Structure formats: structure tokens, C-alpha cells
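A.B. asks: Got a structure for you, questions after.
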Amino acid sequence: MGNIYNIRDLSFSFGKNKILNDISFHVEEGDIVGLIGQNGAGKSTLINIMTGVYSNYSGNVFFKSYDNKENLIELKSNIAAVLDRSATYGTLSVVENINYYCKLLNVPIQYGLDLLDEFGMTEYTKFKVSQLSSGYQQRLRIVIALLNDPSVLFLDEPWIALDPINSQF
1 MGNIYNIRDL SFSFGKNKIL NDISFHVEEG DIVGLIGQNG AGKSTLINIM TGVYSNYSGN
61 VFFKSYDNKE NLIELKSNIA AVLDRSATYG TLSVVENINY YCKLLNVPIQ YGLDLLDEFG
121 MTEYTKFKVS QLSSGYQQRL RIVIALLNDP SVLFLDEPWI ALDPINSQF
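Set out below in C-alpha cells:
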């Protein structure tokens, strides 16, 4: 197994506020990594950098052997993220959201329906997303993130709105 991420001397600031200061680490294929820290410690910022959302950092961020700043297409075709602002369409049903994202990602709709089933959401397919509990909306976001079968999955605040029993899917 090799490095999937290699971060060297990473620093990031919002204006005069230094959020990340000279961070270096690597993540090997198959690793599960958790970021733990206080609010405002830079966890979400680091995820935004690693997923290519932010590119105005100093240092080096490599996904596999690709520089994040120079190979966004390679990066984004191999990763998925559920961020605090991940999009679902509240006026559409669960299945309409799945159909939309499957078409967008060129994924068979049956694969999306199978994921819904795996996540215990089959009985909710006709519900509008806005009618779902926050926990089921979060499950739907995770299903959508898994549609392109990513090499890496980022979950920022993954258990938001999920109760302890439902977080074990």
C-alpha cells in the first residue's frame, strides 16, 4: 500500500488569522483518519484543502502522486465529501435526488437505489428531502457521496443529526 495523501509544510490563513501552521503528515491507502480538536481548530479547513475547495495555501498537498493545485480533475474524480453544506434538493424526493446525482455522475440508477437500501432508506424514497428528519437527510448525503465509488471519503461532522443507533450503518 502506498501514500494516498502526502501533506508537507501546509499553512493557511484567513486574512491575518493563521488557521493551519506548518502541518506535515501522510495518509496511506486503507487508513481511517479522524481529526479531533476544538471548534475553530482548522479541521474543516484542512478537509477543504485536501478536497480541493481551497487552493490558496502554502506548502504541498499531494493526492497519490498528483499536486492538488495542478490536478483537480484527478483529485475530484477519486474522492467524495460530505461537508456541512453538501447539497440535496429539499423540494425533490429522495429518489429524484438519487436519479439527479446518478445522471450527473454517469452512474446506473440501480446502484443508487441499492445504496439507499443498504442505508435503510428504501421506505423513504418517495418522501421529499425536506420531509425527512435531519438524520435521514444526513444518510442521504452520505449515499450521494458514495455514488461514484470514491477512493477517499471525507466526512466533516459525519454524525451530525444521527442518533447512536443509526450512526452504525
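Position one of the sequence shown corresponds to residue 1 (our numbering), numbered consecutively onward.
Where a beta carbon is used, it is the ideal one built from N, C-alpha and C, also for glycine.
These numbers were taken from a predicted model, which means no experiment stands behind them.
Can the beta-carbon of F154 be found less than 8 Å from the beta-carbon of I47?
C.D. replies: Going by C-beta atoms, F154 is nearer than 8 Å to I47.
A.B. asks: Taking DSSP's pairing of strands, which residues face R141 in a bridge?
C.D. replies: According to DSSP, which records beta bridges pairwise, R141 is partnered with nothing at all.
A.B. asks: Around the Cβ of Y124, are there at least 16 other Cβ atoms within 10 angstroms (buried) or fewer (exposed)?
C.D. replies: With 16 or more other Cβ atoms within 10 Å, it is buried.
A.B. asks: What whole-angstrom Cβ distance do I4 and V33 have, given they're in contact under 8 Å?
C.D. replies: Their Cβ separation, rounded to whole angstroms, is 10 Å, which puts I4 and V33 out of contact at 8 Å.
A.B. asks: If we count Cβ pairs, one from each stretch, closer than 8 Å, do we get three or more for the stretch 67-86 versus the stretch 96-106?
C.D. replies: No: fewer than three Cβ pairs fall under 8 Å.
A.B. asks: In terms of residues, what are the limits of the beta strand (DSSP E) holding N21?
C.D. replies: Unbroken beta strand (DSSP E) run through N21: 17-28.
A.B. asks: What does L10 pair with, by DSSP beta-bridge criteria?
C.D. replies: Answer is I23.
A.B. asks: Sort N68, V129, F63 by Cα distance to V152 and report the nearest one.
C.D. replies: Cα-wise, what sits closest to V152 is F63.
A.B. asks: Inspect the beta-carbon positions of G42 and I7 and report whether they are closer than 8 Å.
C.D. replies: Taking 8 Å as the Cβ cut-off, G42 and I7 do not qualify as a contacting pair.
A.B. asks: Would you identify the three-state DSSP class for Y66, choosing helix, strand or coil?
C.D. replies: Residue state, collapsed to three classes: strand.
A.B. asks: If you follow the alpha helix (DSSP H) that L46 is in, where does it begin and where does it stop?
C.D. replies: Run containing L46: 43-50, per the alpha helix (DSSP H) assignment.
A.B. asks: Quick check on Q131: buried or exposed, where buried means 16 or more other Cβ atoms within 10 Å of its Cβ?
C.D. replies: Q131 is exposed by the Cβ-count criterion.
A.B. asks: With a 10 Å radius around its C-beta and 16 neighbouring C-beta atoms as the bar for buried, classify N148 as buried or exposed.
C.D. replies: So N148 counts as buried.
A.B. asks: Shortest alpha-carbon distance to D156 belongs to which of I36, G15, S44, I23?
C.D. replies: Taking only the C-alpha atoms, the option nearest D156 is S44.
A.B. asks: Looking only at its own chain, which residues have a Cβ that is under 8 Å from the Cβ of M121, when we skip the five neighbours before and after it?
C.D. replies: Only V94, Y136, R139, L140, V143 meet the Cβ criterion.
A.B. asks: My guess is that L92 and L115 are in contact by the Cβ rule of under 8 Å, so how many angstroms apart are they, rounded?
C.D. replies: Actually they are not in contact, since the Cβ atoms of L92 and L115 sit about 17 Å apart, beyond 8 Å.
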